[in-house]
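Below is one structure, written out as structure tokens; comments come after it.
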Amino acid sequence: MTAATFDLGKLHGGLRLDANKSQATGQDIVDIPIPTQLVIPLKQHVGEESQPVVAIGERVLRGQLIAECVGELGAPVHASSSGTLVSIEPWPVTRRYGDKTLCMIIETDGLDEEIRHETYPDYDTLVPSELLERIVSGGIVGLGGAVFPTAQKLMQADTCDMDMLILNAVECEPYISCDDMLMRDRAAEVISGAQILLHALGIDECLIGIESDKPEAIDALLNVLAESGDERITIKQVPTIYPSGGEDQLVQLIANREVPSGGLPTDIGCLVQNVGTAAAVHDWIVDGRPLTSRVTTITGNGVGTPMNVRARLGTPVAELAPHAGGYTDHAELLIIGGPMTGKSVSTDDVPVVKATNCVLVMSELPAAGKELPCIRCGECAAACPVQLMPQQLFWYACADDETRLREFGLTDCIECGCCDLVCPSHIPLTFDFRMAKARIREQADEKARAERARRRFEARNERLAHDRDTRDEAQNEQRAEAKKASRNAIAEILARKRDKDTKP
Amino acid sequence: MKFKRLEAPYLRSDNAVSAMMLQVLVALIPGTIAYVWFFGPGLLINMLLAGLFCVGFEAAMVHLRGRKVEEVLMDYTAIITAVLIAFALPPLTPWWVTATACLFAIVVAKHLYGGIGYNVFNPAMVGYVVALVAFPQHMNLWLPPHIGDMDYGTLSLTQTLAYTMTGNLPVAFDDISRATPLDMVQAGLKQMRTIEEMRALPLMGDFGGRGWEWIGNFIALGGIGLLIRKVIRWHIPVAVIAGVLVPATIAFLIDPGTHAGPGFHLFSGATLLCAFFIATDPVSAAASPSGRLIYGFGIGVLIYAIRQWGAYADGVAFAVLLMNMAVPAIDALTRTRIVGHRGARS
């Protein structure tokens with residue numbers, strides 16, 4: 001066992017925010033009963049929509065595969081309780097752009113009958129590659145909120161030279177405490193998941209990064225580690241500074257490695273997984289249960305009793321509130337995720353999905369001060385964890401100067417919101433940068449389209465020219481032949497005439 | 505249930521331009537009190553006049569540009585410009601000199617360049633330099649400090665007011681006017697006197713001029729308050745002070761007879777006011793931390809160079825304006841290294 005340490009790399013900027021977590025950590029995780037209707041989106045991850053494999057009207061069991069993955073970034077989807085698939089239709093979900101996506105609607109029967117998949121308690125007898133494939137089939141995606149398919153990350157183990165597993169238990173955004181509560185509750189499963197991942201990846205170093213304001217969770221992990229005597233796993237405490245739990249930021253902090261611009265942590269040998277993901281890996285491999293529920297924090301002044309709940313994936317958010325003391329008069333905003341990067345949604349019909357780490361219900365914000373011109377005070381640059389100069393970026397975003405925007409690292413912006421929060425001129429920098437990124441993407445798309453059109457046009461011209469050339473050649477030949485033929489014919493006629501003339 | 509939609513982040517902070525500027529004004533209070541203590545009520549009259557002119561010009565320009573006057577005036581920046589102009593002008597200044605300085609500061613240097621956030625040059629320094637060039641005869645009426653053992657005539661509040669309104673002195677110019685310590689040292693050196701000789705004169709204190717050095721202390725006190733409250737960052741003040749001290753120390757070590765010491769340069773004229781309150785105007789300063797170090801150091805070195813070799817006794821305004829010109833170049837050359845990139849690209 002190794003004690004928790006503070007031995008860290010350096011992170012630029014960041015903010016100390018009011019944690020607002022204790023409201024929800026006072027009581028144990030509460031299980032939400034199975035709702036009458038489950039709404040399971042076909043796409044709960046970045047990447048491609050999954051393909052349904054059960055027909056409408058068919059009965060499904062908990063843990064049954066109902067949609068399988070398509071494409072490289074896909075992830076399979078499992079039913080979260082038993083019932084009947086009644087429809088597949090567009091339903092409101094949590095997304096930044098566009099509000100609806102195809103969801104499988106399951107009427108539950110309350111029996112919660114379960115399919116048991118194969119279990120591998122002795123997973124270490126499996127070859128790593130087999131174990132990897134097994135993990136991938138569990139529908140496990142990153143539970144930290146970014147929902148990058150775990151499978152994709154794991155598969156990179158084959159192509160990248162990976163030497164370190166990092167478990168992200170930082171949970172740096174205010175209000176969110178689901179990972180904290182999960183670790184207090186299921187530290188053994190988290191550690192077991194880490195051990196499974198280590199075996200599957202064939203590496204023997206694992207760092208768990210955790211914020212220093214979670215002493216109970218740290219103790220729980222340390223106890224389990226002490227019992228297991230696993231020396232491969234080390235716990236590293238990080239200071240409570242937002243956004244130290246950003247993936248790249250965490251790698252920089254606890255592994256002291258910088259993720260190259262435009263790259264992933266796997267490029268520098270680090271595989272980062274959320275602690276919830278590790279527990280899900282354990283459940284799948286050791287217990288044969290795919291990912292069908294998750295812990296999520298429901299909090300804010302918009303609910304009566306902030307708490308952490310365990311809900312089946314697909315449970316409408318509206319079903320959570322009654323268990324958390326119901327909505328209060330302050331319930332004016334619904335944010336899925338944290339207050340810095342979460343997504344504001346207009347309805348609580350949206351389902352709890354794999355990425356739903358927090359449901360923040362709160363009162364309308366005081367109107368942001370009027371946006372004033374930038375005075376270049378540089379507070380934004382001091383706060384930026386990526387060491388960008390938002391004041392300069394803002395200038396170029398206003399001018400829509402793509403070259404400069406690229407030069408000043410717009411694409412390196414992680415949209416953490418720090419610059420936005422400290423700006424004394426109340427400029428919505430995060431939003432402006434998001435828009436600028438979208439414009440650049442659009443321009444790039446348009447450029448690509450124009451390029452394709454140009455190539456098609458040129459090819460057409462070439463083809464036409466070629467056709468014309470060959471046609472001309474053929475015609476010329478024909479003409480020459482016709483000429484020759486007619487000359488021959490004339491000669492023949494003349495010859496005949498001469499014959500006639502000479503034969504009186 | 506339906507909810508309102510907003511864009512992330514969903515937190516608000518109390519940071520506001522007006523709050524920053526208000527803190528700057530508060531931080532200038534100790535220096536103002538010290539100045540009035542040693543040199544009489546002239547500074548307050550200048551502040552009042554400059555304040556009226558600056559706010560008036562700002563309101564007029566904002567109105568002409570079709571913006572909401574109340575919103576823009578509430579940022580207090582026009583008042584800061586006014587206060588800095590008042591500090592820069594001699595304590596006895598006729599009103600039209602102040603009005604000219606304010607006109608060029610607010611109308612030309614600020615609003616013709618696009619208003620707050622867009623001005624290339626420090627408005628207060630532009631105003632002061634215009635006054636300095638346009639009214640040289642009015643820019644040398646400096647007073648001796650009120651200190652017990654120095655028996656000079658002084659003007660009452662009404663006499664000061666009367667001079668400000670009319671430009672007519674009730675007493676002979678030489679009866680009340682005294683050279684500033686910087687003037688004295690510059691003139692003394694031209695007359696081949698040594699620093700040691702001059703330091704023995706009654707106008708001189710422990711480091712700079714008597715009275716002046718105490719004003720410097722109080723200005724610095726306010727400035728350190730701003731640093732603690734993080735209204736300003738350390739880079740520019742430290743760099744300006746280093747920019748003055750480094751050449752001054754080297755020259756002093758080489759030849760103490762003809763070069764005033766680093767302490768004298770630090771506590772004379774507007775060095776400290778510049779370090780904490782003038783050069784720290786973020787709009788006309790460089791953007792990155794390293795850029796700000798270069799910018800501040802350049803100002804410090806120029807202040808020293810103008811005092812040592814220039815025609816003017818103090819060079820703060822020119823130093824600041826010259827470095828304002830250098831800001832685009834500094835910004836282009838000193839970018840921060842973005843995390844994940846190998847080196848700073850330029």
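Sequence order for the protein chains is A and B. Going by my numbering, the first sequence opens with residue 1, and the numbers climb by one from there. Going by my numbering, the second sequence opens with residue 505, and the numbers climb by one from there. For every residue, glycine included, the Cβ atom is placed at its ideal position computed from N, Cα and C. If you're wondering where the values come from, they're calculated on a predicted model, not measured in any experiment.
Is the beta carbon of residue i less than 8 Å from the beta carbon of residue j?
i	j	result
Val528(B)	Ile589(B)	no
Ala187(A)	Asn223(A)	yes
Asn308(A)	Met435(A)	no
Thr604(B)	Leu553(B)	no
Thr581(B)	Ile533(B)	no
Met643(B)	Val587(B)	no
Ile798(B)	Val824(B)	no
Cys374(A)	Phe394(A)	yes
Gly14(A)	Ser244(A)	yes
Arg62(A)	Ser80(A)	yes
Asp109(A)	Gly83(A)	yes
Gly800(B)	His845(B)	no
Ile106(A)	Leu85(A)	yes
Val190(A)	Leu143(A)	no
Pro41(A)	Cys103(A)	yes
Thr296(A)	Ala311(A)	yes
Arg376(A)	Asp400(A)	no
Please classify residue i as buried or exposed, where buried requires at least 16 other C-beta atoms within 10 Å of its C-beta.
i	result
Glu492(A)	exposed
Cys398(A)	exposed
Arg849(B)	Only weak support exists for where Arg849(B) lies, its pLDDT of 40 falling under 50; the value from the coordinates is given anyway. Exposed.
Thr840(B)	buried
His78(A)	buried
Leu494(A)	exposed
Trp813(B)	exposed
Glu379(A)	buried
Phe677(B)	exposed
Ala255(A)	buried
Ala836(B)	exposed
Pro322(A)	exposed
Gln478(A)	exposed
Lys500(A)	exposed
Which residue from the options puts its Cα closest to that of residue i?
i	options	result
Glu130(A)	Leu143(A), Met155(A), Leu207(A)	Met155(A)
Val540(B)	Gly715(B), Arg841(B), Met708(B), Ala609(B)	Gly715(B)
Pro239(A)	Lys214(A), Lys43(A), Phe431(A), Ala450(A)	Lys214(A)
Pro366(A)	Met505(B), Asp518(B), Val787(B), Ile758(B)	Asp518(B)
Met340(A)	Glu511(B), Lys506(B), Met505(B)	Glu511(B)
Leu607(B)	His739(B), Phe561(B), Leu577(B)	Phe561(B)
Pro793(B)	Ala774(B), Pro760(B), Thr838(B)	Thr838(B)
Leu577(B)	Leu593(B), Leu757(B), Gly555(B)	Gly555(B)
Leu548(B)	Ala592(B), His567(B), Gly726(B), Met629(B)	Ala592(B)
Pro385(A)	Cys377(A), Asp400(A), Asp412(A)	Asp412(A)
Val70(A)	Leu85(A), Asp469(A), Lys43(A)	Lys43(A)
Ala279(A)	Ile140(A), Gly9(A), Ala459(A)	Ile140(A)
Pro536(B)	Asn623(B), Met505(B), Gly720(B)	In the sequence as presented, Pro is not what sits at residue 536(B); that position holds Thr. The shortest Cα separation from Thr536(B) among Asn623(B), Met505(B), Gly720(B) belongs to Gly720(B).
Met183(A)	Asp445(A), Thr234(A), Asp219(A), Cys172(A)	Asp219(A)
Phe771(B)	Thr784(B), His763(B), Leu749(B), Ala790(B)	Leu749(B)
Pro428(A)	Gly409(A), Arg471(A), Glu371(A)	Glu371(A)
Name the DSSP beta bridge partners of residue i, please?
i	result
Thr108(A)	Gly83(A)
Val611(B)	Paired residue(s): none; Val611(B) is not in a bridge.
Ala311(A)	Arg294(A)
Gly547(A)	Past the boundaries of the shown model lies residue 547(A); chain A is included only from 1 to 504, so the question cannot be answered.
Ala55(A)	Partner(s): none; Ala55(A) has no beta bridge.
Met164(A)	Cys270(A)
Ile708(B)	With the sequence shown as reference, residue 708(B) is identified as Met, and Ile is not the correct amino acid for it. According to DSSP, which records beta bridges pairwise, Met708(B) is partnered with Gly713(B).
Cys418(A)	In DSSP, Cys418(A) forms no bridge with anything.
Notebook entry, point to check: Can we say the region 113-129 of chain A touches the region 284-294 of chain A, given the rule of at least three CB pairs closer than 8 Å?
Noted result: At 8 Å Cβ cutoff, the stretches touch.
Item checked: Three CB pairs or more closer than 8 Å across the region 355-366 of chain A and the region 326-337 of chain A -> Three or more beta-carbon pairs drawn from the region 355-366 of chain A and the region 326-337 of chain A are found closer than 8 Å, and the two stretches are therefore classed as touching.
Notebook entry, point to check: If you pair each beta-carbon of the region 776-794 of chain B with each one of the region 737-752 of chain B, do three or more pairs fall below 8 Å?
Noted result: Yes, the region 776-794 of chain B is in contact with the region 737-752 of chain B.
Notebook entry, point to check: Is the region 46-60 of chain A in contact with the region 194-210 of chain A, if contact means three or more CB pairs nearer than 8 Å?
Noted result: With the cut-off at 8 Å, the region 46-60 of chain A and the region 194-210 of chain A do not touch.
Next item on the list: Taking 8 Å as the threshold, find out whether the region 672-686 of chain B comes into contact with the region 630-638 of chain B through three or more Cβ pairs.
Entry: No contact exists between the region 672-686 of chain B and the region 630-638 of chain B.
Notebook entry, point to check: So, do the region 450-465 of chain A and the region 407-421 of chain A have three or more beta carbon pairs nearer to each other than 8 Å?
Noted result: No contact exists between the region 450-465 of chain A and the region 407-421 of chain A.
Note to self: If contact is defined by three or more beta carbon pairs under 8 Å, each pair taking one atom from either stretch, is the region 404-411 of chain A in contact with the region 31-44 of chain A?
What the structure shows: No, because fewer than three Cβ pairs between the region 31-44 of chain A and the region 404-411 of chain A fall closer than 8 Å, the two stretches do not touch.
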